[in-house]
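See below for the structure under consideration.
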């Protein structure tokens, strides 16, 4: 018993260490870099400074994640559908490793943005099967949110004071941090029970802070997500106070909109003036004029690229589904969708508590926002071995584990019901023959 408790605690401690390493590798480059002006775009872009420390933290976090994933797979003895995902992801990973090892260095192959690691990312949901990991993640959500919101506001304020409120940005620390902040907010707002008044109020306060941050980084996609999130929070409940919460949420969003427009007219003006513009710069048309759609089925590997905005070897795509398929084919995307589809199976209400049912419904909403972000309703949201993706999969995995346990309990009860008549018949025969 003591050994099990120790191993459970070690998993939680290891996960906490991974989160700290990821935060260091995210925050330090955003604080030690510098701004440069891009004359072609008439905007400023941030040049991140990656020191030996931040690179080491990033590498260590990636290695520890997969160590933890292996431990979770082994300890849970995955079966059925989970085993299918493990086999498919591992097979695709091995195949692309054999191809990529001749195209790129070992470091790039495992730690780059387009690394083969993204093939195994859908398996991160298995980390949520471990209660100690999930509880560690849930405890850290408010702290991660407050930290990210504070850093985003500080970064935006320092930029505005240095270059003015109407100056445009391309890449910035705020946009990178917002991806982590919004993921943490999905998990916190939809995956944490409203046990007391403080939690409910704190969720709305953080949501409004994120909405302000979305305006400051001038992202229409994130503004839409924040508004929808605040509304989803107000509807995710029942009872006499549900209607009042909906009205309060709508009123709060409208009030915040009005205050932002009044206090930051240059920011909101620039945001709304581009309402009819294609901020993706015709990426889909350019991409499919150079890449055959059929090639997305199997993928073109680590070095897959196309010509875009003056870059002859551009490897990225805003839509993360197309990005994954462009490099490694359709199977990783199918595994991702297969994992999330498990949340939409019928809920067995008899074997789940009210809090567990609410959590699963919250995870369904979370998966909607996550998939929308991957599909393009976002800015600088990347699918890969990063903190934003990791947090979402852990919470989704916990919902899947709850549903799995309820099905096991139902099957056990049904089996007991079937055995009961047989047992009665045996007793009756014993009485007759006895």
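Numbering (our numbering), first residue to last: 4 to 437.
The beta-carbon is built from N, C-alpha and C at its ideal position, and this holds for glycine as well.
Cβ-Cβ distance between residue i and residue j below 8 angstroms
| i | j | result |
| --- | --- | --- |
| residue 56 | residue 96 | no |
| residue 29 | residue 183 | yes |
| residue 307 | residue 329 | yes |
| residue 69 | residue 175 | no |
| residue 194 | residue 25 | no |
| residue 366 | residue 399 | yes |
| residue 382 | residue 139 | no |
| residue 342 | residue 88 | yes |
| residue 117 | residue 144 | no |
| residue 229 | residue 152 | no |
| residue 91 | residue 388 | no |
| residue 147 | residue 177 | no |
| residue 293 | residue 309 | yes |
| residue 72 | residue 113 | no |
| residue 385 | residue 303 | no |
| residue 218 | residue 208 | no |
Endpoints, the beta strand (DSSP E) within which residue i is located
| i | result |
| --- | --- |
| residue 40 | 37–41 |
| residue 50 | 46–50 |
| residue 310 | 309–311 |
| residue 317 | 314–317 |
Option nearest residue i by Cα separation, candidates the options
| i | options | result |
| --- | --- | --- |
| residue 38 | 47, 230, 23 | 47 |
| residue 212 | 161, 194, 157, 200 | 157 |
| residue 22 | 94, 35, 162, 60 | 60 |
| residue 17 | 135, 45, 197 | 135 |
| residue 224 | 321, 197, 203 | 321 |
| residue 173 | 19, 43, 353, 344 | 43 |
| residue 78 | 261, 14, 105 | 14 |
| residue 237 | 192, 66, 257, 159 | 192 |
| residue 390 | 100, 85, 179, 164 | 179 |
| residue 327 | 40, 12, 99, 218 | 99 |
| residue 319 | 94, 295, 340, 287 | 287 |
| residue 344 | 85, 357, 66, 19 | 85 |
| residue 162 | 40, 353, 411, 357 | 40 |
| residue 142 | 412, 394, 411 | 394 |
| residue 149 | 261, 210, 295 | 210 |
| residue 115 | 201, 185, 62 | 62 |
| residue 412 | 101, 254, 285, 353 | 353 |
Start-to-end residues for the alpha helix (DSSP H) that takes in residue i
| i | result |
| --- | --- |
| residue 326 | 323–331 |
| residue 57 | 55–79 |
| residue 139 | 134–166 |
| residue 288 | 286–293 |
| residue 192 | 176–194 |
| residue 118 | Run containing residue 118: none; DSSP gives neither H nor E here. |
| residue 365 | 357–378 |
| residue 204 | 200–219 |
| residue 344 | 334–344 |
Same chain, Cβ closer than 6 angstroms to residue i, five either side skipped, listed in chain order
| i | result |
| --- | --- |
| residue 32 | 51, 52, 53, 57 |
| residue 75 | 129, 130, 133 |
| residue 35 | 52 |
| residue 335 | 122, 327 |
| residue 7 | Because residue 7 carries a pLDDT of 49, less than 50, the predicted location of this residue cannot be relied on, and no value is offered for it. |
| residue 67 | 21 |
Cβ neighbours of residue i in the same chain (closer than 7 angstroms, five flanking residues each side left out)
| i | result |
| --- | --- |
| residue 363 | 346, 350, 402, 405, 406 |
| residue 137 | 131, 397, 401 |
| residue 64 | 21, 24, 25, 28 |
| residue 355 | 405, 409 |
| residue 372 | 189, 228, 232 |
| residue 103 | 112, 119, 304, 305 |
| residue 106 | 304, 305, 306 |
| residue 185 | 213, 225, 228 |
Same chain only: Cβ atoms within 8 angstroms of residue i, ignoring 5 sequence neighbours per side
| i | result |
| --- | --- |
| residue 289 | 309, 310, 311 |
| residue 317 | 308, 309, 310, 311 |
| residue 220 | 155, 159, 172, 175, 177, 178, 181, 382 |
| residue 45 | 171 |
| residue 12 | 135 |
| residue 325 | 290, 299 |
| residue 262 | none |
Proximity test, residue i beta-carbon vs the ligand SAH heavy atom, cut-off 7 angstroms
| i | result |
| --- | --- |
| residue 222 | As for the ligand SAH, it is missing from this structure, which has no ligand bound. |
Chain D within 8 angstroms of residue i, Cβ atoms only
| i | result |
| --- | --- |
| residue 290 | Annotation note: the requested chain D is absent from the structure, which comprises a single protein chain. |
Within 8 angstroms, do at least three Cβ pairs link the stretch 347–356 to the stretch 297–304? no
At least three beta-carbon pairs within less than 8 angstroms, the stretch 373–387 to the stretch 164–173: Two segments are said to touch when three or more pairs of C-beta atoms, one from each, lie closer than 8 angstroms; by this definition the stretch 373–387 does not touch the stretch 164–173.
Do three or more CB pairs link the stretch 323–339 to the stretch 111–122 at distances below 8 angstroms? With a cut-off of 8 angstroms, the stretch 111–122 and the stretch 323–339 count as touching, because enough Cβ pairs lie within range.
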